[in-house]
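Have a look at the structure below before the remarks.
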Amino acid sequence: MAEWWRDAVIYQIYPRSFQDSDGDGIGDLPGITRRLDHVAGLGVDAIWLSPFFTSPQKDMGYDVSDYTDVDPLFGSMADFDAMVARAHELGLKVIIDQVISHSSDVHPWFEESRQSRDNPKADWYVWADPKPDGTPPNNWPSVFGGPAWEWEPRRRQYYLHNFLIEQPDLNMWNPAVQDALLDTMRFWLERGVDGFRLDTVNYYFHDSELRDNPPNPDHKGPETYGFQRHIHSKNRPENIAFLTRMRALTDEYDARMMVGEVGDGGQTAIDIMAEYTAGSDRLHMCYSFEMLSPEFTAAHFRHTIEGVHEHAPDSHSCWSFSNHDVVRHVSRWARHAESPDALARQSAAMLLSFPGTICLYQGEELGQTETTLVYEELTDPPALRFWPEVKGRDGCRTPMVWDQGEPHAGFSDTTPWLPVKDEQAIRAVAHQQDQNDSVLTAYRAVLAFRKGSDALRFGTAAFLDLPEPVLAFRRDHDGQTLTAAFNLSPTPRTLTVGGDTALTGPSHATLEGARLLLPANGFAWLTGTPTLSA
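When we follow the working numbering, the leftmost residue of the sequence shown carries the number 473, and every step to the right adds one.
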């Protein structure tokens, strides 16, 4: 139990959009408690809650104004305690977000810090003098557009905000800030949470000299952030020492864990994941946006997994295909699929066969697609600023659908904060609940198969050399071996099979003698160690 997270499947809940219990159109903690039986019934091991802390909601709770209280939008501390108790009763661990690279600009710490240069909190945020011409101290941009610096006339200085203007960056160079943040984490550990998901974990430290970032000549996207290589504004080596302090704190408690979100891509992300999880005194695991990208090739998935294992063989990885920040994968990868349902089933089979810990995002088990929104329906700051080139994150955050026949698909009795549209409502839980061929049934079957297989839960992974679009790898643990194969295309594929083997689990393929027939987006688990060739 001490390392329960090593083979865990974690179900992400976006509280705003899970279940409204009080009729205000916004999901809340009592609503989560009401629906926990659905989550437990999937066969997952833990839930991860996106922020529910006190916040002005400029960035939907990722701008925290009180790290140790519940925002009234979501209920009360008693509601939180009841939710944790029910989760534990159902055998579910509880992981909560920690957004500590920045706070809200109405946090008492910042309200004090911005008053003057000599108050007790003066050095709790990142302040810098302007250049002689009054412009910001360097060229760092905000992720959400514009410069990462905002002028404060009371101090006649700029403060750093890697995200919204209303999200000033905390100064991790100050030991008092570290101590205060660790105290807030201790508060939740004492309250019974089983772990933390660390938002933007590679943003904690900035270059103390505030040097300019160099240009990124490869950038071709619509946003300005990608025009730089962010070697000074994030990904700093000083992060490691603070991660060890965090690990020491969680190690004071039994069976707790931390998973860090690395907001980067490519080899940089792989290197950071390896660095942050190396040894036993840093994070328990990390995930990046590598598998949250539009790329859907065997080479990409193989390179990502092998890259982490090669650079940090003693580390542990966490993989997901969707979350609250990216286009849902059934829509993101649609052109590679015969149908959304076929892709959803294959995605479940593939993701739950990967080595490491797995995260599922609410609605993923329904094969939920991205919601198409018009400008007037948006709430996400980047979309509001850069529409229509940037669609934003609202499309993946629309409410969970429970019953197609109820108002707003059972999410709320009143108009919700984001709309429930017909394309999403038809995938409701009640509609799929008892259908043998539904995506929901497929997820439950794959989750049960994974839970019953030590090879899939704990095994090493060795990839097989097969041409695109087939991804194949072998999982081996303590004498139990499974070979997994996935056809990542809408065109059927046939593989030649050698050796003594048989299909197992909820495979979507046919084995005819020495031929493995993989239909469009088909998948198979094979017993033993057969040879496979195209």
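Beta carbons: idealized from backbone N, C-alpha and C, even for Gly.
- prompt: Using 8 Å as the Cβ pair cut-off and three pairs as the minimum, do the segment 676 to 686 and the segment 532 to 543 touch?
  reply: no
message: Out of L632, L824, D551, A750, which one is the CA nearest neighbour of P978?
response: L824
Q650 - DSSP class collapsed to helix/strand/coil: helix
field: CB contact flag (N634, N685, <8 Å)
entry: no
- prompt: Among L990, S961, V862, which one has its Cα closest to the Cα of L967?
  reply: L990
- prompt: Is there contact here, the segment 827 to 843 with the segment 474 to 489, by at least three beta-carbon pairs under 8 Å?
  reply: yes
- request: On the DSSP bridge assignment, give the partners of K565 in chain order.
  value: A518
query: If A806 sits next to N993, beta carbons under 8 Å apart, how far is it from one beta carbon to the other, in whole angstroms?
result: Actually they do not touch by this definition, with Cβ atoms about 11 Å apart.
- prompt: Around the C-beta of Q818, are 16 or more other C-beta atoms found within 10 angstroms, so that it is buried, or is it exposed?
  reply: Label assigned to Q818: buried.
message: Suppose contacts are defined by Cβ-Cβ distances below 8 Å. Is R947 in contact with A927 by that definition?
response: yes
task: Tell me the start and end of each unbroken beta strand (DSSP E) in the segment 639 to 699 that is at least 3 residues and wholly inside, in chain order.
output: 667 to 670
message: Please list the terminal residues of the continuous beta strand (DSSP E) segment that includes I498.
response: Element bounds for I498: n/a, residue is neither H nor E.
task: Work out the CA separation of P812 and V901 for me, nearest whole Å.
output: V901 and P812: Cα-Cα distance of roughly 16 Å.
message: If distances are taken between C-alpha atoms only, which option among T607, T696, P544 comes closest to E861?
response: T696
field: Whole-number beta carbon distance between D666 and Y597, since they are thought to touch under 8 Å
entry: Taking a contact as a CB-CB distance under 8 Å, the pair Y597 and D666 does not count as one, their CB atoms being some 31 Å apart.
Any beta strand (DSSP E) of 3 or more consecutive residues that is wholly inside the segment 766 to 806: 790 to 792
message: Counting C-beta neighbours from all protein chains within 10 Å, is the total for P1002 16 or more, i.e. buried, or is it exposed?
response: buried
field: Residue ranges of each alpha helix (DSSP H) within the segment 910 to 992, 4 or longer
entry: 911 to 923, 926 to 930
Minimum length 3: unbroken beta strand (DSSP E) runs contained in the segment 810 to 893: 829 to 833
query: Going by beta carbon distance, what residues of the same chain come within less than 8 Å of V542, once the five residues before and after it are set aside?
result: These residues qualify, in order along the chain: L501, F524, F525, T526, S548, M549, D551, F552.
message: Cutting at 7 Å between CB atoms, please list the residues of its own chain near C790, excluding the five before and the five after it.
response: V731, M757, C758, Y759, G828, T829, C831
message: Within 10 Å of its beta-carbon, does E724 have 16 or more other beta-carbons around it, so buried, or fewer, so exposed?
response: It counts as exposed.
query: Along the chain, which unbroken stretches of the beta strand (DSSP E) at least 3 residues long are found entirely within the segment 697 to 764?
result: 729 to 734, 757 to 760
Euclidean distance between Cα positions of F945 and E638: In a straight line, the C-alpha of F945 is about 46 Å away from that of E638.
- prompt: Of all the beta strand (DSSP E) runs that stay within the bounds of the segment 562 to 609, which reach a length of 3 or more residues?
  reply: Counting whole runs of 3 or more residues, the segment 562 to 609 contains the beta strand (DSSP E) stretches 565 to 570.
- request: Spell out a yes or no on whether the segment 602 to 610 and the segment 760 to 767 are touching, meaning 3 or more CB-CB pairs, one atom from each, closer than 8 Å.
  value: Fewer than three pairs of CB atoms, one per stretch, sit closer than 8 Å, so the segment 602 to 610 makes no contact with the segment 760 to 767.
- request: Would you kindly work out how many angstroms separate the C-alpha atoms of L654 and I567, rounded to a whole number?
  value: Approximately 16 Å, taken between the alpha carbons.
task: Could you say if the segment 865 to 882 and the segment 768 to 784 meet the contact criterion of at least three C-beta pairs nearer than 8 Å?
output: Contact between the segment 865 to 882 and the segment 768 to 784 is not established, with fewer than three Cβ pairs separated by less than 8 Å.
- prompt: Is it buried or exposed for F659, if we count other Cβ within 10 angstroms and need 16 for buried?
  reply: exposed
query: Between which two residues does the beta strand (DSSP E) harbouring Q629 extend?
result: Boundaries of the beta strand (DSSP E) around Q629: 629 to 632.
message: So for A996, helix, strand or coil by DSSP?
response: strand
field: Burial state of H691, where buried means 16 or more other Cβ atoms lie within 10 Å
entry: exposed
- prompt: Using the beta-carbon count (16 or more within 10 Å), is E836 buried or exposed?
  reply: buried
Exposed unless 16 or more other CB atoms sit within 10 angstroms - verdict on G951: exposed
- prompt: What is the C-beta distance between M657 and L721, in whole angstroms, given that I count them as a contact (C-beta under 8 Å)?
  reply: 6 Å
query: For T540, which residues does DSSP report across the bridge?
result: DSSP output for T540 lists no bridge partner at all.
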